[in-house]
Amino acid sequence: MSQIIRLKKGFEINLAGEAKKEVVSVQQPETFSVKPTDFPGVQRPKTLVKVGDNIKAGTPVFMGKNYPEVNFAAPVSGEVVEVVRGEKRALLEIRILADSNLEYEENKTFTPSDIGNANSEELKDQLVRSGVWPFLVQRPFAVVADPQEKPRAIFISGFDSSPLAADYGVTLKGQEKYFQAGVEALAKLTDGQVHLSVSGDREVPSVFSQITGIQSHKFTGPHPSGNVGVQIHHIDPLVKDDLVWTIKPFGVVVIGKLLLDGKYDVSKTIAFAGSSVKNPAYLETYSGARVDKFLSGNLHDDHCRVISGNVLTGESIGREGYLGFYDDLITVIPEGDQERFFLTSGWLGLIANRLSFHRAFGLVSFLNGKNKKYKLDTNVNGEERPFVQTGAFEKVVPMDLYPVYLLKAIMAEDFDEMEALGIYEVAEEDLALCEFIDVSKTPVQKILRQGIDLMMES
Amino acid sequence: MKFLQDIFDKMEPNFEKGGKFEKFYPLWEAQRTFIFTPKITTPAKGAQIRDAIDLKRMMFTVVIAMIPCLLFGIWNTGHMHFLSAGQEASHLDKVIHGAILVIPIVLVSYIAGGLVEVAFSILRNHPVTEGFLVTGMLIPLVVPPTIPLWQVAVGTIFAVVLAKEIFGGVGMNVLNVALTARAFLFFAYPTEISGSEVWIATGEEVVQGYSGATALGIAAEFGTGENQVPVLEALANSFAPDLYSLKSMFIGTIPGSIGETSALMCILGAIVLLITGVGSWRIMLSMLVGGIVMGLILNLFGSNEFMKLPFYYHLVMGGFAFGLVFMATDPVTASQTNTGKWIYGFFCGFFALLIRVLNPAYPEGVMLAILLMNVFAPLIDYYIVDANKKRRLKRATV
Chain D
3 MSQIIRLKKG FEINLAGEAK KEVVSVQQPE TFSVKPTDFP GVQRPKTLVK
53 VGDNIKAGTP VFMGKNYPEV NFAAPVSGEV VEVVRGEKRA LLEIRILADS
103 NLEYEENKTF TPSDIGNANS EELKDQLVRS GVWPFLVQRP FAVVADPQEK
153 PRAIFISGFD SSPLAADYGV TLKGQEKYFQ AGVEALAKLT DGQVHLSVSG
203 DREVPSVFSQ ITGIQSHKFT GPHPSGNVGV QIHHIDPLVK DDLVWTIKPF
253 GVVVIGKLLL DGKYDVSKTI AFAGSSVKNP AYLETYSGAR VDKFLSGNLH
303 DDHCRVISGN VLTGESIGRE GYLGFYDDLI TVIPEGDQER FFLTSGWLGL
353 IANRLSFHRA FGLVSFLNGK NKKYKLDTNV NGEERPFVQT GAFEKVVPMD
403 LYPVYLLKAI MAEDFDEMEA LGIYEVAEED LALCEFIDVS KTPVQKILRQ
453 GIDLMMES
Chain L
334 MKFLQDIFDK MEPNFEKGGK FEKFYPLWEA QRTFIFTPKI TTPAKGAQIR
384 DAIDLKRMMF TVVIAMIPCL LFGIWNTGHM HFLSAGQEAS HLDKVIHGAI
434 LVIPIVLVSY IAGGLVEVAF SILRNHPVTE GFLVTGMLIP LVVPPTIPLW
484 QVAVGTIFAV VLAKEIFGGV GMNVLNVALT ARAFLFFAYP TEISGSEVWI
534 ATGEEVVQGY SGATALGIAA EFGTGENQVP VLEALANSFA PDLYSLKSMF
584 IGTIPGSIGE TSALMCILGA IVLLITGVGS WRIMLSMLVG GIVMGLILNL
634 FGSNEFMKLP FYYHLVMGGF AFGLVFMATD PVTASQTNTG KWIYGFFCGF
684 FALLIRVLNP AYPEGVMLAI LLMNVFAPLI DYYIVDANKK RRLKRATV
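Quick mapping for you: the protein sequence lines, in order, are chains D and L. According to the working numbering, the first sequence is numbered sequentially starting from 3. According to the working numbering, the second sequence is numbered sequentially starting from 334.
Shown next as structure tokens:
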């Protein structure tokens, strides 16, 4: 175990409605969906199935123009019932009516000891064809990894520090065997090391405790200490013309299952949390699950927002939406679409029940202490303005960079500046706290993604 | 508040696209969002929740921090008036008399600047921003109580247009807007904002031996040039007892611009800004240090009586305290990086005293020092950020 990296900067958003650490049984949804929009960097997705096709779990359902060989696969077997398109016929979703007994595409199986000796090209080929490949996300740019490349190293964050995040101790319970197999496969993909960072503040999940063949690190400190981008910055920072891959622990497990069992098995345990949920807990389902069955009868009130992912980086999917590919959390919080009178609860009121990173006049949430759990809604609490406040973003980004300067460089479309100011080192999630705390309500993550898109096109 | 919302909802269509008053939408929006924080929710992708703060609240925190200075300034304007006439007066009389002089200046500043803001918002079709909440209050506090109201209006309009709007409005300006207004008035109409006649709103009668000079004016007059006398002696020789004592200058019962005389009230404001974190402690501390360092250097050389004035007097004289708390800390025109803030603040204080003591033309140096450092702030930041870029580049080439 190497030294502990202690991060001071950051901010904990303590929300009400944390999932109780037990898995409850739920009725499985009938339909599942694959959303090309879940995969950053995939351009011009093209469907490979049509309505009425019967497919298996692991059958390719679409391809990206810039990832011709990568298979984006169906999470379950069943019948393709709908292909949803948006503007200019862009492919948005492929919906599948699931069979009651799942059938899987067959893949070659390995024994645990085989993986280390396998031919790395053959192994890679299997990962690319089977559907597990998109779990690998490259940095810079946080897009799906390109199988043609070879990364300098692979990084795994062993904890999620974001608000109401799922605990890997619950979601990955009993997956040690698969995780180990996945790690061994990853080691074949890089000449460098596979890094795993665990939290020094909380219990290390059993799934990580006996793993061999990895370089292990410990991080302490507030969110975003669990972000893989932040961890890379402190372990071995990215430089120009550099390439590393990242993968979430669940992705490693799916790779392990593929190799040991020969199946593309994306059954997962997810957290169902948020202040609008009556009984927040963990539940078992599959990637791309429709969420309405989980919600029904389990919400405090109907006027709420359903988010796939966490409240800082997630996406509002609506009550009949589908779980995102990378997400292991559904958060439900109240909508905030009401006006607030300025003296009572608006911009001049005394506010103790809405969290603030700041202490400007009337913002007294800091008096509540760190353990108070907040019930926050989706109101922006103000209007968008030019940058005025300085020095605040730096307090929540535990990296050696100047977020405001970077954002301004993106707005000015100044490529040299973007590069010099560190755009290669950040993804949306790393600056998500800036978006939360910003006085000027700047859409930080959107601007950053625009910058990343510009850099990728250049 | 439902009835108010209903009224707003009923009127809203007139201001929306295609409505009768479509052009005035920014003005409409400004008042609605003033009374109600709007119902805008977060977009589908990205941060789904947001901090309780907004720019209105942040700006208003600064206004609150200035209220002690304003109230004291009102009282002191009346106090100086009755003192110059040699009359006894109750505190209430002083406040009433001061208010009659000061409130119109505040109103004119807000109305003139507000009109410019609204005009530009309508012309450029952007929302009315709240930056002027602060500027509109700063301007009255840095002018003398006797200033003609039309000059307040002209100065404010000049500053808002030339220092702010042509750069793109709030957040884009290089120079502090309130200081630009003051500098403009200072150079355009020097007789109404300098000398010894303007700082006290006297009546018909004045006491024998009356002089309305500021402490700095006296120091510059007697402490430099020919026939020097020690500044402290010159200050002791005032028309009212203890008028320029260290204690009076600290409390603020001295002639001067409306809101800047009291170091004590500035400290109260500083406490508000520091507790809320709205004002940068780095800038305040480093400007204080810069002033003290320059003061000590001047004391060390001591080639004239002004230079011999103990350095701590400078901290309570003139606009040093006010500039330190409210002007130098303006986040838009100050340095934006933490290291830059140290450098910027230090030189604000350093140059303030340098200009004050060694420049014969301007008895007050704080305004010009801060404006000068406003210009240098982007350059300071450039080098700080450049160092960050170089660290990144170095990693790449190792």
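The C-beta atom is built at its ideal place from N, Cα and C for all residues, glycine as well. Keep in mind it's a predicted model, so treat the numbers as computed, not measured.
| Item | Value |
| --- | --- |
| Would you mind telling me which residues of chain L sit closer than 9 angstroms to D:L94, beta carbon to beta carbon, in chain order? | By Cβ distance, chain L contributes nothing, its closest Cβ being about 13 angstroms from D:L94, past 9 angstroms. |
| Would you tell me roughly how many angstroms separate the C-alpha atoms of L:P371 and L:L512, rounded to the nearest one? | 33 angstroms |
| Who are the neighbours of D:L314 on chain L, taking C-beta pairs under 7 angstroms? | A380 |
| By the three-class DSSP mapping on this structure, what secondary structure does D:E84 have? | strand |
| Identify the continuous beta strand (DSSP E) that holds D:A283 and give its terminal residues. | 283-288 |
| For the structure I just gave you, are there three or more beta carbon pairs, one from the segment 506-526 of chain L and one from the segment 570-589 of chain L, closer than 8 angstroms? | no |
| For the segment 496-514 of chain L, list every residue whose C-beta sits within 9 angstroms of some C-beta in chain D, in sequence order. | G501, G502, V503, G504, M505 |
| Between the Cα of D:F74 and those of D:E124, D:W135, D:S122, D:K372, spot the shortest distance and give me the residue it belongs to. | D:W135 |
| Residues of chain D with CB under 7 angstroms from L:P664, in chain order? | V390, Q391, T392 |
| Suppose the cutoff is 6 angstroms on Cβ atoms and the five residues either side in sequence are ignored; what does the same chain contact list for L:F453 look like? | E498 |
| Between D:I439 and L:A385, which are expected to be in contact by the criterion C-beta below 8 angstroms, what is the C-beta distance as a whole number of angstroms? | With 8 angstroms as the limit, D:I439 and L:A385 do not qualify as a contact, their Cβ atoms being about 10 angstroms apart. |
| Pair every Cβ in the segment 412-426 of chain L with every Cβ in the segment 449-465 of chain L, then say whether three or more of these pairs are closer than 8 angstroms. | no |
| Chain D beta carbons: is any one of them nearer than 7 angstroms to that of L:F369? | yes |
| What is the DSSP secondary structure of D:L352, reduced to helix, strand or coil? | coil |
| Just curious, the alpha helix (DSSP H) that L:A647 is in, first and last residue? | A small correction: the amino acid at residue 647 of chain L is His; Ala does not occupy that position in the sequence shown. Run containing L:H647: 644-649, per the alpha helix (DSSP H) assignment. |
| Assess contact between the segment 721-728 of chain L and the segment 579-593 of chain L, defined as three or more Cβ pairs (one per stretch) separated by less than 8 angstroms. Is contact present? | no |
| Which value, in whole angstroms, describes the spacing of the CA atoms of L:Y358 and L:L618? | 43 angstroms |
| Under 7 angstroms between C-beta atoms, does L:N671 make it to chain D? | yes |
| Could you spell out the range, first to last residue, of the beta strand (DSSP E) harbouring L:I444? | That residue, L:I444, is in no beta strand (DSSP E); its alpha helix (DSSP H) goes 424-457. |
| Which residue comes first and which comes last in the beta strand (DSSP E) that contains D:N73? | 69-75 |
| Do the segment 370-386 of chain D and the segment 374-381 of chain L touch if we need at least three Cβ pairs shorter than 8 angstroms? | yes |
| Provide the residue(s) that pair with D:S201 in DSSP beta bridges, ordered along the chain. | D:F221 |
| Applying the criterion that 16 or more other CB atoms from any shown protein chain within 10 Å of the CB defines a buried residue, is L:D663 buried or exposed? | buried |
| Any residues in the segment 241-264 of chain D with a beta carbon nearer than 7 angstroms to a beta carbon of chain L? Which ones, in chain order? | V241, K242 |
| Compute the distance between the beta-carbons of D:Q447 and D:E459, then report whether it is under 7 angstroms. | no |
| Would you check if the segment 265-285 of chain D and the segment 17-26 of chain D touch, i.e. whether three or more CB-CB distances between them fall below 8 angstroms? | yes |
| Whose C-alpha, out of D:N56, D:S218, D:L450, is nearest the C-alpha of D:V83? | D:N56 |
| According to DSSP, simplified to helix, strand and coil, what is L:Y577? | coil |
| With DSSP as the reference, identify every bridge partner of L:V564, one or two as the case may be. | DSSP output for L:V564 lists no bridge partner at all. |
| Do L:I608 and L:K674 have their beta-carbon atoms positioned less than 7 angstroms apart in this structure? | no |
| Can you give me the C-alpha to C-alpha distance between L:K389 and L:G446, rounded to a whole angstrom? | 17 angstroms |
| Let me know the beta strand (DSSP E) ranges lying completely inside the segment 575-629 of chain L, each 3 residues or longer, listed in chain order. | none |
| Compute the distance between the beta-carbons of D:A414 and D:L423, then report whether it is under 7 angstroms. | no |
| Any beta carbon from chain L within less than 7 angstroms of D:G424's own beta carbon? | yes |
| List the residues that DSSP assigns as beta-bridge partners of D:A100. | D:G80 |
| DSSP three-state label for D:S318, please. | strand |
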